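Top line first, the protein sequences correspond to chains W and V.
Residue numbering for the first sequence follows our numbering, starting at 1 and increasing by one per position.
Residue numbering for the second sequence follows our numbering, starting at 1 and increasing by one per position.
Beta carbons: idealized from backbone N, C-alpha and C, even for Gly.
Note that this is a predicted model, so its numbers are computed, not measured.
For reference, the structure discussed in these notes is given below.
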Amino acid sequence: MKFVLSALSAAVVLAAAMICVPGSSGAENAAGTITIYNAQHASLAKEWVQAFTKETGIKVVLRNGGDSEFANQIVAEGGNSPADVFLTENSPAMALVDQAGLFAPVDPATLAQVPDEFRPADGRWVGIAARSTVFAYDKTRLAPDKLPKSLLDLADPSWKERWAASPNGADFQAIVSALLELKGEAATRDWLQAMKDNVKVYRGNSTAMKAVNAGQVEGAVIYHYYYYGDQAKTGENSKNVALHYFKNHDPGAFVSISGGGVLASSKHPKQAQAFLKWITGKGGQEILKTGTSFEYAVGKGADSNPALVPLQDLQAPKVEPSKLNSKKVTDLMTEVGLL
Amino acid sequence: MIAAAVAVSLLSLLPLGFVIWTTVETGWVTASALIFRPRVGDLLANSLLLIVVAVPLCTLLALALAWLTERSDLPGRRLWAWLLVAPLAVPAFVQSYAWVSLVPALHGLLGGVLVSVLAYFPFLYLPLAATLRRLDPALEDSAASLGLGPWRAFLRVTLPQLRLAVCGGALLVGLHLLSEYGLFAMIRFETFTTAIVDQFQSTFDGPAGTMLALVLVACCLGLLGLENAARGEERYARVGAGAPRLPTKVHLGWLMLPCLGLPVMTVLLALGVPFLTIGRWLVAGGSAMFQMSDILSALWQTVLLALAGGLLTMAAALPIAWVAVRGDGPVPRLLEACGYVVGSLPSVVVALAVVSVTVRLLFPLYQTFFTILAAYALMFLPRAIIGLRASLAQVPVELEQAAASLGKTPGRALWATTIRLSAPGAAAGMTLASLGILNELTATQMLAPNGTRTLAMGFWSLSSELDYAAAAPYALAMIVISLPLTWLLFLQSKRLAGQ
């Protein structure tokens with residue numbers, strides 16, 4: 001018993017020591033530090049937070065994770081959520097938290113910085129960046145005239161085991177949610193059913209692109225910035241890859257809006273609103289242009305990285321972001337056996 | 001002791017209780033629709049196939065290596081013995097990442113089996129080598145004197161003595177195969193655990209994921225039952241007086257070179273490949289990738305979590321292991337089974353249960369260090385129990401009785417004899433638990449207090465952004481802090497054999 005007790009007390013002492021680890025204690029929260037549930041790429045969030053803290057002096061604690069996971073976690077936490085701000089990569093997760101009534105209205109000044117098409121009509125969250133769906137293909141194997149004209153073409157048996165996707169990720173599920181919104185439930189179910197037979201499943205958009213580059217598949221449905229990010233680094237995983245934009249208001253031309261919102265339960269609403277205002281403002285949007293994320297800027301008058309195909313040339317379909325239904329999408333994907 | 005065992009067992013039932021409660025709440029119609037669907041069949045086939053192929057391969061490899069390093073005159077035995085434990089220091093998902101980096105086409109069952117055998121065979125090698133070393137050669141001598149040749153003596157006398165080690169190790173490997181996520185996610189082999197994580201990332205605590213967890217729990221119970229049946233009731237402690245003499249080493253002769261090939265190949269594949277990949281990325285990334293302040297802070301947080309979690313796990317495992325060894329009848333087995341069941345659940349399920357319960361019922365504990373340590377203790381209970389149980393089983397109960405007859409209270413008698421003598425096993429168990437915590441990712445992400453960033457979290461977030469070069473220092477740091485632990489494990493298994 002003595003052994004058990006001494007081991008226990010040692011564990012308690014160690015746990016107590018850990019509370020003193022910088023940047024991880026609850027004590028700092030009392031001093032006005034805000035906590036962000038961040039589903040955006042960790043490196044982008046870090047760039048934002050460092051610049052924001054430098055400019056405003058407000059400290060930020062980041063918790064990194066995924067869109068849907070956090071959205072549902074926030075719903076489970078309800079009014080007790082330790083999060084002040086929620087940032088996502090795609091809209092469906094924002095819609096989920098919004099429908100649970102857990103967002104506070106966004107400051108009008110922040111809303112005014114972002115054009116209408118990049119935020120929901122109810123003004124409870126706001127677009128912070130955007131990404132375009134692309135068909136990343138192996139340019140050594142696929143001639144431009146052999147490319148699919150529409151995302152829907154990939155359901156054709158002729159595409160069997162020739163294309164890849166990451167159906168478990170929030171990114172692909174956002175694309176499906178746009179398809180659902182544009183073409184309806186029956187068409188989406190049929191497409192997913194055909195996809196189940198055709199697709200080669202990879203985990204993560206980057207691995208899907210890597211597979212294209214390595215010649216394992218001819219193409220992959222992913223977002224645009226994976227390609228640009230890799231090109232800006234070593235280019236090792238995208239040497240043989242080119243991007244095909246579906247355009248033409250096709251579901252495959254879907255532009256997904258990354259969202260940011262302040263939780264109604266936030267204990268530091270002023271600082272949280274300030275953060276949202278900052279990232280949608282000049283400083284935050286400039287980081288999208290100059291940083292390593294290669295996501296599109298969405299602020300009024302903000303330019304995106306000049307290497308990208310301009311946002312207005314993408315001919316994206318018009319989709320109301322607050323209507324994207326993540327639950328229906330995962331139900332359908334579970335039904336056909338993709339999840 | 002018994003009360004403590006019951007308390008820990010009850011706590012360890014929490015995740016299972018959560019799964020069952022969610023199932024009941026979901027209702028039979030929805031639940032059966034989610035359980036009896038083609039995808040579950042595919043996953044079941046995948047998971048079982050993986051176990052059926054990988055566990056025997058691991059056992060054969062580990063047995064051959066253990067025999068070569070303990071019972072033959074293989075050159076460099078001591079070095080090999082250490083190098084064969086060292087792969088434990090390489091997190092399974094780093095192993096997988098290294099292989100995918102080297103052979104991008106590697107995937108599916110073949111890839112899964114290859115990488116998991118390389119990642120997990122030390123779990124079998126350690127107990128097998130320790131048992132072989134400790135085995136009283138008098139047993140084999142008796143067999144020989146009764147007319148058995150060396151092969152038949154090995155099969156009929158030595159092998160049965162290894163039964164506990166094989167059963168315990170194989171169970172551990174099987175449980176790892178069922179609950180590992182990162183390894184199979186990277187090698188693109190779908191198991192129940194990867195599917196549950198997919199569901200979790202899509203729906204958080206949606207019923208589909210919980211139903212998958214239910215089937216997974218059934219698989220784990222099956223494995224546990226199998227091990228239980230195979231373990232038997234024989235006595236493995238020595239009966240004779242005095243200390244056993246050292247076993248003689250078999251002279252390999254001309255077979256030495258081919259035999260040397262086995263450890264060389266194993267070490268090259270299990271250690272060479274990860275180091276090659278990490279080295280390559282470190283060179284490609286250059287010194288700019290070493291953001292020292294980030295890495296150091298992650299290192300510090302990881303070490304503290306691993307130490308504190310290891311201690312707590314040990315403390316939780318001790319009563320269960322003691323009851324399992326000393327107790328009789330179905331109750332001790334049941335208590336022990338609780339520990340295995342919770343440890344075999346994928347960390348997401350444990351984490352989800354803990355998150356759900358703390359967020360709804362025990363909010364002051366939500367996202368605290370205590371909670372994450374408790375979750376670690378639940379997840380790594382089997383590692384600690386196996387180490388402890390083998391050690392406790394070898395302590396003759398007569399010592400405890402003798403201490404009691406000399407006037408010690410039961411608690412003091414226990415402390416003065418059994419617990420002290422089982423300290424090496426306890427250290428081994430704690431080391432294994434700490435190792436597990438060092439490499440733990442999924443539950444850490446869900447349960448860690450805000451702002452925590454462990455090495456595994458840093459590695460995963462960077463490598464999932466395809467920033468393999470920046471991830472490499474984290475992988476290296478994980479291996480470097482794990483190596484002393486595996487060294488300790490190695491030393492203590494030596495000491496166990498009195499060497």
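Three-state secondary structure (DSSP) of residue i
i                     : result
residue 147 (chain W) : coil
residue 403 (chain V) : helix
residue 467 (chain V) : coil
residue 103 (chain V) : coil
residue 30 (chain W)  : Note that residue 30 (chain W) scores a pLDDT of 45, beneath 50, so its modelled location is shaky; the value from the coordinates is reported in the next line. In this structure, residue 30 (chain W) counts as helix in the three-state DSSP scheme.
residue 224 (chain W) : coil
residue 262 (chain W) : strand
residue 243 (chain W) : strand
residue 205 (chain W) : helix
residue 145 (chain V) : helix
residue 6 (chain V)   : helix
residue 83 (chain W)  : coil
residue 22 (chain W)  : Summary for residue 22 (chain W): the model assigns pLDDT 39, below 50, so the residue's position carries little reliability; its value from the coordinates is reported in the next sentence. Of the three classes helix, strand and coil, the one that applies to residue 22 (chain W) here is coil, per DSSP.
residue 64 (chain W)  : strand
residue 187 (chain W) : helix
C-beta atoms of residue i and residue j nearer than 7 Å
i                     : j                     : result
residue 273 (chain V) : residue 102 (chain V) : yes
residue 337 (chain W) : residue 188 (chain V) : no
residue 137 (chain W) : residue 164 (chain W) : no
residue 375 (chain V) : residue 404 (chain V) : no
residue 186 (chain V) : residue 116 (chain V) : no
residue 190 (chain V) : residue 92 (chain V)  : no
residue 155 (chain W) : residue 194 (chain W) : yes
residue 384 (chain V) : residue 429 (chain V) : yes
residue 212 (chain V) : residue 230 (chain V) : no
residue 470 (chain V) : residue 476 (chain V) : no
residue 96 (chain W)  : residue 71 (chain W)  : yes
residue 85 (chain W)  : residue 221 (chain W) : no
Anticipated Cβ contact below 8 Å, residue i with residue j, distance rounded
i                     : j                     : result
residue 22 (chain V)  : residue 330 (chain W) : Actually they do not touch by this definition, with Cβ atoms about 16 Å apart.
residue 102 (chain W) : residue 274 (chain W) : Actually they are not in contact, since the Cβ atoms of residue 102 (chain W) and residue 274 (chain W) sit about 20 Å apart, beyond 8 Å.
residue 207 (chain V) : residue 34 (chain V)  : 6 Å
residue 219 (chain W) : residue 152 (chain W) : Actually they do not touch by this definition, with Cβ atoms about 15 Å apart.
residue 182 (chain W) : residue 319 (chain W) : 7 Å
residue 302 (chain V) : residue 193 (chain V) : Contact flag wrong, Cβ pair sits at about 22 Å.
Under 7 Å from the C-beta of residue i: neighbouring residues of chain W
i                    : result
residue 39 (chain V) : 337
Beta carbon proximity, residue i to chain V, threshold 7 Å
i                     : result
residue 214 (chain W) : yes
residue 80 (chain W)  : yes
residue 66 (chain W)  : yes
residue 76 (chain W)  : yes
residue 168 (chain W) : yes
residue 330 (chain W) : yes
residue 334 (chain W) : yes
Neighbour list for residue i in chain V, Cβ cutoff strictly below 8 Å
i                     : result
residue 206 (chain W) : 464, 465 and 466
residue 173 (chain W) : 202
residue 237 (chain W) : 466
Residue i: contacting residues in chain W (beta-carbon distance under 8 Å)
i                    : result
residue 46 (chain V) : Near residue 46 (chain V) there are no residues of chain W at all, since even the closest Cβ is about 13 Å away, more than 8 Å.
Neighbour flag for residue i against chain W, beta carbons, 7 Å
i                     : result
residue 450 (chain V) : yes
residue 487 (chain V) : no
residue 359 (chain V) : yes
residue 9 (chain V)   : no
residue 461 (chain V) : yes
residue 380 (chain V) : no
residue 363 (chain V) : yes
residue 427 (chain V) : no
Listed by chain order, chain V residues near residue i by CB distance under 7 Å
i                     : result
residue 41 (chain W)  : 465
residue 202 (chain W) : 188
residue 230 (chain W) : 466
residue 370 (chain W) : In the structure as shown, chain W starts at 1 and stops at 339, and residue 370 (chain W) therefore has no counterpart that could be examined.
Where residue i meets chain V, residues with beta-carbon distance less than 9 Å
i                    : result
residue 35 (chain W) : 450 and 451
residue 62 (chain W) : 450, 451 and 453
Contact set between residue i and chain W, taken where Cβ atoms lie within less than 9 Å
i                     : result
residue 383 (chain V) : Simply none; closest approach about 15 Å.
residue 492 (chain V) : Ordered by position in chain W, no residue passes the 9 Å Cβ test against residue 492 (chain V), which lies about 16 Å from the chain.
Residue i: CB within 6 Å of a non-hydrogen atom of the ligand GDP
i                     : result
residue 376 (chain V) : For the ligand GDP, the structure offers nothing, since it holds no ligand at all.
CB contact below 7 Å: residue i versus chain B
i                     : result
residue 404 (chain V) : No chain B appears in this structure, whose protein chains are W and V.
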